[in-house]
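In the working numbering, the protein residues as written are 218 to 895.
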């Protein structure tokens with residue numbers, strides 16, 4: 218039956234027209250970006266109209282559709298086509314059977330019940346398939362059992378059966394059904410590479426010419442790493458720097474003699490699912506169906522002039538939901554080319570052509586590169602002497618007691634350098650090289666410096682102590698308000714015990730307080746980096762302890778309105794020697810006027826207290842009057858006391874009114890005096 222299926226596939230293939238001859242695209246140029254993108258450029262020589270075939274991974278199709286660009290100076294692009302995202306499912310969409318039905322002839326015949334077939338062999342018959350059943354039969358001589366398939370057909374002579382495995386051939390009578398089986402088998406054959414898609418690119422033009430096709434896809438990020446070899450003399454101004462690029466070929470194809478370019482930068486890049494099918498939602502409108510007529514029963518009527526039915530118009534139908542906006546497609550194209558060294562023969566770093574572009578650094582290699590798919594390549598990109606000075610870098614959050622051994626590296630070259638890890642070596646006086654540590658290098662533009670910490674410097678011991686003070690600086694009276702300037706001062710004291718025999722420059726990293734000013738040491742030579750000061754100090758050598766101070770100050774301004782201020786607040790500044798004598802004298806006069814206001818206010822308060830005492834006593838007396846006999850001596854005594862108290866209340870009210878006037882007069886005097894100050 219496998220022979221039978223092969224014949225069916227051949228029939229299906231003959232049903233399709235022959236494809237136009239396709240030209241081969243050869244990979245010529247690769248550009249890898251540190252942003253995780255790769256530029257791949259192919260070339261093909263074509264003549265006249267031609268079809269170019271390009272096979273890419275399924276996960277790359279979106280990027281290819283977004284960025285594909287074609288260069289044909291003597292022709293043009295006729296279009297691009299490729300199978301759908303689910304081509305096999307689409308192939309079976311309109312067929313009377315599914316892919317599983319092609320697992321065996323028995324499954325196919327079972328699915329196509331009712332189809333007319335012709336069976337050839339020892340018994341020939343023609344009929345329609347009724348049933349397909351498996352049965353188990355015993356083999357002769359006790360050799361076990363076997364399974365065979367019994368097929369029942371409805372023929373002109375009634376129901377007839379045959380064993381499928383004994384049939385020499387079987388043919389579907391319906392030619393269109395034969396074609397559909399052939400199409401299905403062809404679809405299975407062409408869809409075996411499930412993770413790849415082949416794009417057909419139609420070219421239109423005349424004559425023989427070279428066509429270039431390029432696209433941008435996601436690739437592994439290429440990495441830069443460095444080796445810095447320090448000279449044996451600690452005071453040597455320069456050290457040797459080597460830079461290497463590590464590249465992985467995970468593109469799914471071999472790179473054979475391709476021109477390689479590496480780009481260090483951070484391009485803006487998008488990804489869009491252009492290979493997915495999107496559909497616009499539409500509102501569903503119900504189908505209008507005429508209903509069955511059913512006349513109602515007449516129940517009489519009334520005069521319209523006497524009673525009119527109120528008609529309420531039905532509410533308008535709801536507006537259909539707005540269809541979702543179609544997905545916008547953003548396209549970004551990028552093209553670049555270069556030369557590259559082969560994997561087995563890396564070029565010297567000084568032969569690499571490095572270019573400093575506006576937003577990136579480009580490294581072009583002088584010889585072609587060959588890298589098999591899945592392989593990794595490491596290539597030198599820089600080898601030269603660079604300015605490098607040794608120093609000690611103190612970062613309290615990294616190591617509180619010892620500074621870090623560090624290098625101040627300066628880029629005096631013609632191009633920037635990409636970020637990467639640096640391995641540091643050191644030569645001794647005999648020329649031997651030893652490993653001393655690793656460091657991290659950030660993006661390194663031309664003319665900038667970097668501090669690279671690579672080890673702990675235990676020859677230097679640092680203790681630090683923080684202190685903060687607040688002092689009054691100035692105070693003046695302006696428009697009735699005391700305007701005060703206070704200076705907050707934070708001092709960080711460093712006690713440093715340096716190496717016994719080696720002079721050293723120490724860089725102290727001190728957090729910069731926002732809004733504060735560095736007053737000690739002088740700002741000359743001090744650098745700012747990511748919210749920190751980098752302050753240099755010189756250690757001449759020797760074990761004596763040196764003391765360094767880093768002082769930051771902030772001026773804080775306050776305003777005290779003298780009319781509303783309390784006496785305690787003003788008294789603080791009356792004795793402050795930071796203020797001039799005239800200001801302190803004015804504040805003393807304000808205190809005197811405030812004392813007058815307070816004295817008058819005390820008299821008002823005293824009158825209120827006396828009145829309250831009498832009112833409480835009168836309440837007691839009136840309560841007692843309700844309990845004593847009328848015209849008794851005690852009643853007359855209570856009445857006399859109440860009369861006397863009323864006289865006292867009148868006197869208190871008079872004193873209170875006079876005290877209120879005194880309060881207002883004292884306040885007016887205070888306001889008048891304060892208003893003329895400043």
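Just so you know, even glycine gets a beta-carbon here, dropped at the ideal spot from N, CA and C.
| Check | Outcome |
| --- | --- |
| Run of the alpha helix (DSSP H) containing residue 860, from where it starts to where it stops | 850-892 |
| Nearest-angstrom Cα separation, counted from residue 300 out to residue 627 | 54 Å |
| Buried/exposed call for residue 476, threshold 16 Cβ in 10 Å | buried |
| Cut-off 6 Å between Cβ atoms - residues of its own chain near residue 710, not counting five sequence neighbours on either side | 682, 766 |
| Buried or exposed by the 16-neighbour rule on C-beta atoms within 10 Å, applied to residue 258 | buried |
| For residue 581, the residue or residues it bridges with in DSSP | 478, 570 |
| 3-residue-minimum beta strand (DSSP E) runs that sit fully inside the segment 660-693, ordered along the chain | 666-673 |
| Inter-residue spacing [alpha-carbon to alpha-carbon] between residue 336 and residue 351 | 18 Å |
| Check whether residue 347 and residue 394 have beta carbons under 8 Å apart | no |
| Given 8 Å, three or more beta-carbon pairs between the segment 464-475 and the segment 280-294 | no |
| Cutoff 8 Å: residue 378 Cβ touching any chain C Cβ | This model lacks chain C altogether; it includes just one protein chain. |
| Outcome for residue 478 when other beta-carbon atoms lying within 10 angstroms are tallied against a minimum of 16 | buried |
| Option nearest residue 678 by Cα separation, candidates 689, 697, 713 | 713 |
| Straight-line Cα distance separating residue 280 from residue 461 | 29 Å |
| Inter-residue spacing [alpha-carbon to alpha-carbon] between residue 588 and residue 580 | 18 Å |
| Closest Cα partner of residue 349 within the set 370, 339, 361, 342 | 370 |
| Helix, strand or coil at residue 437 [DSSP, three-state] | coil |
| Separation of residue 779 from residue 808, as counted between CA atoms | 10 Å |
| Distance cut-off 7 Å: residue 633 Cβ against heavy atoms of the ligand NAD | Because no ligand of any kind appears in the structure shown, any question about the ligand NAD cannot be addressed here. |
| Residue 465 beta carbon less than 8 Å from that of residue 593 | yes |
| Residue 737 versus residue 820: straight-line alpha-carbon distance, rounded | 57 Å |
| For residue 470, the three-state DSSP class (helix, strand or coil) | coil |
| DSSP-derived helix/strand/coil call for residue 749 | strand |
| Between the CA atoms of residue 449 and residue 649 - distance to the nearest angstrom | 9 Å |
| Other residues of its chain near residue 727: CB distance less than 7 Å, five sequence neighbours each side excluded | 709, 749, 750, 752, 767 |
| Proximity winner among 671, 661, 720, 797, relative to residue 690 (alpha-carbon distances) | 797 |
| Spatial distance of residue 885 from residue 790 (CA atoms) | 23 Å |
| When 278, 803, 378 are compared against residue 892, the one with the closest alpha-carbon | 803 |
| Endpoints, the alpha helix (DSSP H) within which residue 820 is located | 798-842 |
| One or two residues paired with residue 417 in a DSSP bridge | 270, 298 |
| For residue 646, the nearest candidate out of 451, 781, 739 (CA to CA) | 451 |
| Stretch pair the segment 307-325 + the segment 436-443: three plus CB contacts closer than 8 Å | no |
| Where residue 695 falls: helix, strand or coil (DSSP) | strand |
| Residue of 380, 340, 692 minimising C-alpha distance to residue 772 | 692 |
| Buried versus exposed, by CB contacts within 10 Å (16 or more), residue 723 | buried |
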